[in-house]
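The structure under discussion appears below in the form of structure tokens.
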Amino acid sequence: MTLTLAPGDRPYLPRGVRMRADHLRGDQVLLAPEKAVALDPIGAAILSRVNGQASFAEIVDDLAATYSAPRAQIEGDVQTFLQGLRARVFLMVRP
Amino acid sequence: MTAPPPIAMLAELTHRCPLSCPYCSNPVEMVGRQSELATDVWADAFRQAAELGVLQLHLSGGEPASRPDLPELTRAAHEAGLYTNLITSGIGLTPNRLDALEAAGLDHIQLSLQGTRADLADRIGGYKGGFARKMAVAQEIKARGIPLTLNAVMHRHNLDDLDRTIEMAVELGARRLEVACVQFHGWATRNRAALLPTREQTEATKRKVAEAEARLRGTLAFDFVPPDYYSDFPKSCMGGWGSAGLNIAPDGKVLPCHAAETIPHLRFDRITERSLRDIWYDSDAFNAYRGTDFLPETCRSCERVSVDFGGCRCQALAIAGDAAATDPVCRKSPDHHRVTALLEDAMRAAEGAEFTYRVAPR
Chain A
2 MTLTLAPGDR
12 PYLPRGVRMR
22 ADHLRGDQVL
32 LAPEKAVALD
42 PIGAAILSRV
52 NGQASFAEIV
62 DDLAATYSAP
72 RAQIEGDVQT
82 FLQGLRARVF
92 LMVRP
Chain B
16 MTAPPPIAML
26 AELTHRCPLS
36 CPYCSNPVEM
46 VGRQSELATD
56 VWADAFRQAA
66 ELGVLQLHLS
76 GGEPASRPDL
86 PELTRAAHEA
96 GLYTNLITSG
106 IGLTPNRLDA
116 LEAAGLDHIQ
126 LSLQGTRADL
136 ADRIGGYKGG
146 FARKMAVAQE
156 IKARGIPLTL
166 NAVMHRHNLD
176 DLDRTIEMAV
186 ELGARRLEVA
196 CVQFHGWATR
206 NRAALLPTRE
216 QTEATKRKVA
226 EAEARLRGTL
236 AFDFVPPDYY
246 SDFPKSCMGG
256 WGSAGLNIAP
266 DGKVLPCHAA
276 ETIPHLRFDR
286 ITERSLRDIW
296 YDSDAFNAYR
306 GTDFLPETCR
316 SCERVSVDFG
326 GCRCQALAIA
336 GDAAATDPVC
346 RKSPDHHRVT
356 ALLEDAMRAA
366 EGAEFTYRVA
376 PR
């Protein structure tokens, strides 16, 4: 399967994967089956917009507006980050 | 040195198990039912673990479903904020108990697989009918959508079935497959000749895993533990002693790893006598092999020391006779010839070698 997210794909965290605050170490952590992934603020900002409703394009738009950053650059970063999670089956998409 | 907080804890709720796999990771001397910790002691240990920084809790055994209070324990862990993972053979997980576990907040199940066919799986597990029951439980897990990892413990007798193992993981809807080649500690050391794969099997396995991993990316994730006797370098055991994880035995002994009791000069504190925080940061056993200063020059001057921390302490003791030595699996170890000799002995004795099954406690 291709891991690339299309503009209309709506990503979501499947059952068993969730983000929570890690008070001891600071920042957010992504908990998945037998894995814990420390998230930097950028990763947390992306995943806080992943809810199964927002499309990939909408997530990128929102981040570009919020951080006043070039859309193309944001899109590349978000694509890379989400593909990495998708490869490990920590993230799934609805068309 | 200052240790980081632990990330994961393995709770061995019981050593009782209906299976008698010859590679069982439980110690050869097991804890009987009368010495097992009570429900409230475990619940308190889970809260202490969460406060200490543990994120992932593995509810294991023996067979954790042998504990009637498994749903209560799961609920206590969930309420403490831990990610709860059940490591099980599936035996004893009736639909009613799965209902109770889901309601208690269970996050994930790791189901063991002894083989891809009933005859082979039941012979390895020493439990007739076990495979059929396991497959029924796997279908029940799939129907409920509980996140599933299949843990295939691989060795001489089932490595050639790896392709079918991978197919089964996909069919059962697993998101992850552990291809865990038997590591030789505890019971497995009594079964080296019967279990050690050949070098050809090992090489074929590496190729198959790499191919399947690329083909199934996004569908099935792989964790591959190769048979380390054939490796050039040791495994990064536990991510370093007292560095990322800890283990509580059924009687409350707190261990840096499940095999640590094989190191006879270490004394392990119990959760009933000392706080988890004290044990993690200040106990002699946890500090014994922290960091890399204790290692011989061979390791300290090696660029891989920050990768593998000199390998496994239990294996260093078992094969080199010194828990502070370089893991003899490493080709740079002065004791590496002992691993070569073990391999040669095992290959000579392999033909017709019988299993020495694990003996269950009561």
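Chains A and B are the protein sequences, given in the same order. So the numbering used here is basically just the index in the first sequence, starting at one, shifted up by 1. So the numbering used here is basically just the index in the second sequence, starting at one, shifted up by 15. From the three backbone atoms N, C-alpha and C, an ideal C-beta is built for every residue, glycine too. Being a predicted model, the structure only gives us computed values, none of them experimental.
>> Measuring only the C-alpha atoms, how far is residue 245 (chain B) from residue 337 (chain B)?
In response: To locate residue 245 (chain B), count along the second sequence from 1; it is residue 230. To locate residue 337 (chain B), count along the second sequence from 1; it is residue 322. If you draw a straight line from the Cα of residue 245 (chain B) to the Cα of residue 337 (chain B), it comes to about 21 Å.
> In chain order, what residues of the same chain have a beta carbon less than 6 Å from the beta carbon of residue 140 (chain B), not counting five sequence neighbours either side?
Replying inline: If you number the second sequence from 1, residue 140 (chain B) lands on position 125. Only 34, 36, 129 meet the Cβ criterion.
>> Between the alpha carbons of residue 231 (chain B) and residue 175 (chain B), how many angstroms are there, rounded?
In response: Residue numbering aside, residue 231 (chain B) sits at position 216 when the second sequence is read from its first letter. Residue numbering aside, residue 175 (chain B) sits at position 160 when the second sequence is read from its first letter. Each residue's CA atom was taken as its position, placing residue 231 (chain B) and residue 175 (chain B) some 19 Å apart.
> Within 9 Å (strictly less), CB to CB, does residue 100 (chain B) reach chain A?
Replying inline: The residue you call residue 100 (chain B) lines up with position 85 of the second sequence. Closer than 9 Å: yes.
> Leaving out five residues before and five after residue 2 (chain B) in sequence, what residues of the same chain have Cβ atoms less than 6 Å from its Cβ?
Replying inline: Outside the shown range of chain B (16 to 377) lies residue 2 (chain B), about which nothing can therefore be said.
> With C-beta atoms as the reference, is residue 291 (chain B) less than 9 Å away from residue 28 (chain B)?
Replying inline: Here residue 291 (chain B) refers to the residue found at position 276 when the second sequence is read from its first residue. Here residue 28 (chain B) refers to the residue found at position 13 when the second sequence is read from its first residue. Contact: no.
>> For a test of the three-state rule: what should DSSP assign to residue 27 (chain B), helix, strand or coil?
In response: By 1-based counting over the second sequence, the position of residue 27 (chain B) is 12. In the structure shown, the three-state DSSP call for residue 27 (chain B) is strand.
> Whose Cβ in chain B lies nearer than 7 Å to the Cβ of residue 17 (chain A)?
Replying inline: Numbered from 1 along the first sequence, position 16 holds the residue referred to as residue 17 (chain A). The answer, in chain order, is 122, 123, 162.
> With a CB to CB cut of under 8 Å and the five nearest residues on each side skipped, what residues in its chain are close to residue 216 (chain B)?
Replying inline: Numbered from 1 along the second sequence, position 201 holds the residue referred to as residue 216 (chain B). For residue 216 (chain B), where only same-chain residues beyond five positions count, the Cβ hits under 8 Å are 171, 174, 175.
> Less than 8 Å between the CB of residue 210 (chain B) and some heavy atom of the ligand ATP, yes or no?
Replying inline: With respect to the ligand ATP, the structure offers nothing, as it holds no ligand at all.
> At what residues does the alpha helix (DSSP H) containing residue 216 (chain B) begin and finish?
Replying inline: On the second sequence, residue 216 (chain B) is found 201 positions in, with the first residue counted as 1. That run of the alpha helix (DSSP H) goes 214-230.
> Can you name, in chain order, every residue of its own chain whose Cβ lies under 6 Å from the Cβ of residue 1 (chain A), other than the five neighbours on each side?
Replying inline: A query on residue 1 (chain A) cannot be resolved here, the shown segment of chain A reaching from 2 to 96 and no further.
>> Can you tell me which residues form a DSSP beta bridge with residue 20 (chain A)?
In response: As a working note, residue 20 (chain A) is residue 19 in the first sequence. Bridge pairing for residue 20 (chain A): A:31 [DSSP].
> Counting Cβ pairs closer than 8 Å, one from the segment 234-249 of chain B and one from the segment 75-90 of chain A, do we hit at least three?
Replying inline: Counting C-beta pairs closer than 8 Å gives three or more between the segment 234-249 of chain B and the segment 75-90 of chain A, which meets the contact rule.
>> Within a Cβ cutoff of 8 Å, which residues of the same chain sit near residue 8 (chain A), ignoring the five residues on either side of it in sequence?
In response: Position 7 of the first sequence, counting from 1, holds the residue named residue 8 (chain A). Closer than 8 Å at the Cβ level, and outside the excluded window around residue 8 (chain A), lie 56, 57, 58.
> residue 238 (chain B) by DSSP, collapsed to three states: which one?
Replying inline: Position 223 of the second sequence, counted from the start, is the residue given in the question as residue 238 (chain B). The three-state secondary structure of residue 238 (chain B), taken from DSSP, is strand.
> When we look at the beta-carbon of residue 2 (chain A) and count the other beta-carbons within 10 Å, is it buried (16 or more) or exposed?
Replying inline: In the first sequence, residue 2 (chain A) corresponds to position 1, counting from 1. Label assigned to residue 2 (chain A): exposed.
> Using a beta-carbon distance cut-off of less than 8 Å, what residues from the segment 208-235 of chain B approach chain D?
Replying inline: This model lacks chain D altogether; the protein chains it does include are A and B.
> Name the chain B residues that come within less than 9 Å of residue 79 (chain A), Cβ to Cβ?
Replying inline: Along the first sequence, one-based indexing puts residue 79 (chain A) at 78. Within chain B, no residue has its CB atom less than 9 Å from the CB of residue 79 (chain A), the nearest being about 17 Å off.
> Going along chain A in order, which residues have a C-beta closer than 8 Å to the C-beta of residue 113 (chain B)?
Replying inline: To locate residue 113 (chain B), count along the second sequence from 1; it is residue 98. Neighbours of residue 113 (chain B) on chain A: none; closest Cβ ~14 Å, over 8 Å.
>> Taking 7 Å as the limit between beta carbons, can you name the residues of its chain near residue 264 (chain B), skipping five residues before and five after?
In response: For the purposes of this step, residue 264 (chain B) is taken as the residue at position 249 of the second sequence. Here residue 264 (chain B) has 27, 46, 270 as same chain residues with Cβ atoms under 7 Å from its own Cβ, once five neighbours each way along the sequence are excluded.
>> Report the CB separation of residue 31 (chain B) from residue 81 (chain B) in whole angstroms; it is logged as a contact under 8 Å.
In response: The count along the second sequence starts at 1 and reaches residue 31 (chain B) at position 16. The count along the second sequence starts at 1 and reaches residue 81 (chain B) at position 66. The pair is a contact, with the Cβ atoms about 4 Å apart (cut-off 8 Å).
> For the alpha helix (DSSP H) that residue 12 (chain A) lies in, which residues bound it at each end?
Replying inline: Residue mapping note: residue 12 (chain A) aligns to position 11 of the first sequence, counting from 1. Taken as a continuous stretch (DSSP letters only), residue 12 (chain A) belongs to no alpha helix (DSSP H), being part of the beta strand (DSSP E) at 11-13.
> Does residue 93 (chain B) have its Cβ less than 9 Å from a Cβ in chain A?
Replying inline: Here residue 93 (chain B) refers to the residue found at position 78 when the second sequence is read from its first residue. Cβ-Cβ to chain A under 9 Å: no for residue 93 (chain B).
> In terms of residue numbering, what span does the beta strand (DSSP E) encompassing residue 123 (chain B) cover?
Replying inline: On the second sequence, position 108 is the one that residue 123 (chain B) refers to. That run of the beta strand (DSSP E) goes 123-128.
> Going by Cα to Cα distance, which pick from B:19, B:38, B:121 is closest to residue 210 (chain B)?
Replying inline: As a working note, residue 210 (chain B) is residue 195 in the second sequence. Comparing Cα-Cα distances from residue 210 (chain B) to each of B:19, B:38, B:121, the minimum goes to B:38.
> What is the DSSP secondary structure of residue 2 (chain A), reduced to helix, strand or coil?
Replying inline: Counted from its first residue, the first sequence places residue 2 (chain A) at position 1. Look at residue 2 (chain A) here: in three-state DSSP terms it is coil, with no helix or strand label.
> Taking residue 212 (chain B) as the reference, which of B:377, B:366, B:257, B:22 has the closest Cα?
Replying inline: Position 197 of the second sequence, counting from 1, holds the residue named residue 212 (chain B). Looking at the Cα atoms, B:366 is the closest of the given residues.
> So, using beta-carbon positions, are residue 111 (chain B) and residue 370 (chain B) closer together than 9 Å?
Replying inline: Stepping through the second sequence from its first residue, residue 111 (chain B) is reached at position 96. Stepping through the second sequence from its first residue, residue 370 (chain B) is reached at position 355. Against a cut-off of 9 Å, the Cβ pair of residue 370 (chain B) and residue 111 (chain B) comes out as no contact.
> For residue 41 (chain B), does the three-state DSSP call read helix, strand or coil?
Replying inline: Stepping through the second sequence from its first residue, residue 41 (chain B) is reached at position 26. Secondary structure of residue 41 (chain B) (DSSP, three-state): coil.
>> Is the beta carbon of residue 148 (chain B) closer than 9 Å to that of residue 165 (chain B)?
In response: Counting from one through the second sequence, the residue named residue 165 (chain B) turns up at place 150. Counting from one through the second sequence, the residue named residue 148 (chain B) turns up at place 133. It is not a contact, given that the beta carbons lie outside the stated cut-off.
> Is DSSP giving residue 250 (chain B) helix, strand or coil here?
Replying inline: Sequence index remark: in the second sequence, residue 250 (chain B) carries index 235 (1-based). In the displayed model, residue 250 (chain B) falls within coil according to three-state DSSP, outside both helix and strand.
>> Just verifying my parser: in three-state terms, what is the DSSP assignment at residue 166 (chain B)?
In response: Mapped onto the second sequence, residue 166 (chain B) falls at position 151. The answer is strand: DSSP assigns residue 166 (chain B) an E or B state.
>> Please report the distance separating the alpha-carbon of residue 272 (chain B) from that of residue 304 (chain B).
In response: Residue numbering aside, residue 272 (chain B) sits at position 257 when the second sequence is read from its first letter. Residue numbering aside, residue 304 (chain B) sits at position 289 when the second sequence is read from its first letter. Cα atoms of residue 272 (chain B) and residue 304 (chain B): separation of roughly 12 Å, rounded to the nearest angstrom.
> Given that residue 11 (chain A) touches chain B, what residues does it touch there, using C-beta distances under 9 Å?
Replying inline: Taking the first sequence and counting its residues from 1, the one referred to as residue 11 (chain A) is at position 10. Proximity of chain B to residue 11 (chain A) at the Cβ level (cut-off 9 Å) is not reached, the minimal Cβ distance being about 16 Å.
>> Helix, strand or coil for residue 135 (chain B)? Go by DSSP, reduced to three states.
In response: Indexing the second sequence from 1 puts residue 135 (chain B) at position 120. In this structure, residue 135 (chain B) counts as helix in the three-state DSSP scheme.
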